[in-house]
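Read through the structure below, which is laid out as structure tokens, and then see the notes.
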Amino acid sequence: MQIYNFVMAAVMYVISGIMFWQMKGIDAPDSRILPTVVAVILIVLSTVLVVEQLIKMKKNQAENYDFKNTSRGMAVVLILLVFAICAELFGFFVCTPFFIFFTMLFLGQRNKAVLILVPVIATAVVVVVFRLIFQVPLPEGTVFNIFNLF
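When we follow full-length UniProt numbering, the leftmost residue of the sequence shown carries the number 1, and every step to the right adds one.
See below:
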């Protein structure tokens with residue numbers, strides 16, 4: 001029996017429940033549409049996971065997972081945590097290219113052109129889409145603020 005699939009489904013049910021509970025505080029009905037859709041999709045996928053696991057249990061099929069790259073996944077999560085802290089301190093514009101560069105390098109990318117172009121282009125796209133088009137504020141950092149330099 002693969003208990004971790006049931007645990008993951010339970011965690012996803014809890015997250016969707018928290019989402020529904022937090023949506024009570026949103027006054028505008030139109031603003032509740034996307035979180036509601038995400039929560040419903042999460043519930044549906046959790047249910048699919050549970051049903052799939054129950055069917056496999058009934059057929060007595062054992063799953064064999066290979067956890068040899070788990071440490072790499074945890075390292076990427078650690079890099080993401082460091083990025084979140086650094087983005088708050090130094091700002092999104094400074095930290096994002098470094099985050100993308102080091103993540104790509106850690107995951108095995110060795111092409112120098114790709115290692116340089118992807119972080120710069122990805123950061124520029126995020127800035128244009130979120131900062132300029134959607135006008136969403138991005139972390140500017142507390143150590144120094146790039147926009148105060150201009």
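Cβ coordinates follow ideal geometry from the N, Cα and C atoms, glycine included.
Cα-Cα separation, residue i to residue j
| i | j | result |
| --- | --- | --- |
| ILE85 | THR96 | 12 Å |
| GLN22 | SER16 | 10 Å |
| ALA9 | VAL76 | 23 Å |
| PHE67 | LEU49 | 20 Å |
| PRO137 | LYS59 | 52 Å |
Proximity of residue i and residue j at Cβ, strictly below 8 Å
| i | j | result |
| --- | --- | --- |
| GLU88 | PRO119 | no |
| GLY141 | VAL82 | no |
| PHE99 | ILE79 | yes |
| LEU105 | LEU115 | yes |
| ILE43 | TYR4 | no |
Close beta carbons around residue i, own chain, < 6 Å, minus the five adjacent residues each side
| i | result |
| --- | --- |
| MET19 | PRO35, ALA39 |
| ARG103 | Correcting the residue type first, residue 103 is Thr in the shown sequence and not Arg. Counting only Cβ-Cβ distances below 6 Å, and skipping sequence neighbours, we find ILE79. |
Buried or exposed (CB count within 10 angstroms, at least 16 for buried), residue i
| i | result |
| --- | --- |
| SER46 | buried |
| THR70 | exposed |
| PHE150 | The pLDDT assigned to PHE150 is 46, lower than 50, so where the model puts this residue is not dependable; a value taken from the coordinates is nonetheless given after this. Label assigned to PHE150: exposed. |
| GLY91 | buried |
Sequence-distant residues of the same chain with beta carbon closer than 7 Å to residue i, five excluded per side
| i | result |
| --- | --- |
| ILE26 | ARG32 |
| PHE101 | LEU115, PRO119 |
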